[in-house]
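Trainee: First the structure, which I've put down as structure tokens, then a few questions once you've had a look.
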Amino acid sequence: MADIGFLAFFPLLLAGLLRLPGPRRDAGERVRLALDISVVVLASAMGLCFFVVGPTVRGSDLMELSTLLSLAYPG
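So the mapping is simple: the numbering used here equals the position in the sequence shown, first residue as 1, plus 14.
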């Protein structure tokens, strides 16, 4: 149960931060905000995959439990 809570923390934190009250935005501003967030998330995921996940997967022979845990808890 603790693993589920730990792994769900960051997506829930992002959702909570995006729900904070702020100025009203029109449709164009919401689209720009969504694109900006998408660029940041994709760039971060690409860096994480290149520097953490890639070496972890290449360094292991089989997809064992330890490899899966290393991928679930990078860093």
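Backbone N, C-alpha and C define an ideal beta-carbon position, used for all residues, glycine too.
Please read these numbers as outputs of a predicted model, since none were measured by experiment.
What number of angstroms, rounded off, separates the C-alpha of R38 from the C-alpha of P69?
Mentor: Residue 38 sits at position 24 when you count from the first residue of the sequence shown. Residue 69 sits at position 55 when you count from the first residue of the sequence shown. So the alpha carbons of these two residues sit roughly 44 Å apart.
Trainee: Output the boundary residues of the alpha helix (DSSP H) element that contains G36.
Mentor: Position 22 of the sequence shown, counted from the start, is the residue given in the question as residue 36. Here G36 belongs to no alpha helix (DSSP H), and DSSP marks it neither H nor E.
Trainee: Grouping DSSP H, G and I as helix and E and B as strand, with all else coil, what is D40?
Mentor: Taking the first residue of the sequence shown as position 1, residue 40 is located at position 26. In the structure shown, D40 sits in coil (DSSP, three-state: anything other than H, G, I, E or B).
Trainee: The alpha helix (DSSP H) that contains V71, what's its start and end?
Mentor: Along the sequence shown, read from residue 1 onward, the residue named residue 71 stands at position 57. First-last of the alpha helix (DSSP H) with V71: G68 to G73.
Trainee: Could you round the C-beta distance between A86 and L21 to whole angstroms and report it? I think they count as a contact, below 8 Å.
Mentor: In the sequence shown, the residue the question calls residue 86 occupies position 72. In the sequence shown, the residue the question calls residue 21 occupies position 7. With a Cβ gap of about 6 Å, A86 and L21 count as contacting.
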